[in-house]
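Student: This is the structure I want to talk about, given as structure tokens.
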Amino acid sequence: MKSWRIQRGEISVGCLIGFAVLIVVALIAIKTVPVMISVGEMQKEIEGLAERGNMSHRYRQDSFLHARIIDKSEDLRLRLSPENVKIERRSQDIRIRVEYDIEIRYPGYTYIWHKKHDVQRQLF
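Here is the structure:
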């Protein structure tokens with residue numbers, strides 16, 4: 001039977017590599033997940049505004065929808081300029097297009113995520 005004193009302090013290289021990969025994945029997740037949640041909330045808001053596009057007098061005004069989208073982007077800390085929001089109304093439908101860039105800074109690298117929301121709903 002081998003003595004445990006011989007194995008004291010030994011660690012396999014595979015374990016070290018696995019731990020390093022785990023650290024990298026955790027750092028990426030910490031930076032990326034909050035941004036993805038904000039983008040999902042923005043998509044949900046745009047879909048809700050398109051659904052309510054002809055419900056009341058306020059939602060029939062493009063300026064009101066435009067202001068709501070800009071306010072939501074400020075709440076979510078997304079850099080959205082007013083000229084990147086386009087609202088088109090036709091007799092049968094409404095289409096809202098929003099386009100912006102999100103900068104995600106990782107240690108040693110900055111990723112620019114170009115995001116487009118394009119929602120079209122039928123008006124009644």
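In the numbering used here, the protein residues as written are 1 to 124. For every residue, glycine included, the Cβ atom is placed at its ideal position computed from N, Cα and C.
Taking buried to mean at least 16 other C-beta atoms within 10 Å of its own C-beta, is Ile69 buried or exposed?
Tutor: What you label residue 69 is simply residue 69 of the sequence shown in a count that begins at 1. Counting other Cβ atoms within 10 Å of its Cβ, Ile69 reaches 16 or more and is therefore classed as buried.
Student: So His66 and Ile46 are in contact, right, with Cβ under 8 Å, and what is the actual spacing, rounded?
Tutor: In the sequence shown, residue 66 corresponds to position 66, counting from 1. In the sequence shown, residue 46 corresponds to position 46, counting from 1. That pair is no contact at about 11 Å.
Student: Please report how far the alpha carbon of Ala29 lies from the alpha carbon of Glu74, in whole angstroms.
Tutor: Taking the first residue of the sequence shown as position 1, residue 29 is located at position 29. Taking the first residue of the sequence shown as position 1, residue 74 is located at position 74. One C-alpha to the other measures close to 23 Å.
Student: Helix, strand or coil for His57 per DSSP?
Tutor: Here residue 57 corresponds to residue number 57 of the sequence shown, with the count starting at 1. Three-state result, His57: coil.
Student: Could you check whether the region 33-46 touches the region 99-113, counting it as contact only if at least three pairs of C-beta atoms, one from each stretch, sit closer than 8 Å?
Tutor: yes
Student: As an exercise, report each continuous beta strand (DSSP E) stretch of at least 3 residues that is fully enclosed by the region 20-54, in chain order.
Tutor: none
Student: How about the region 12-23 and the region 88-96: do they share at least three Cβ pairs that are nearer than 8 Å?
Tutor: Result no; under three Cβ-Cβ pairs closer than 8 Å.
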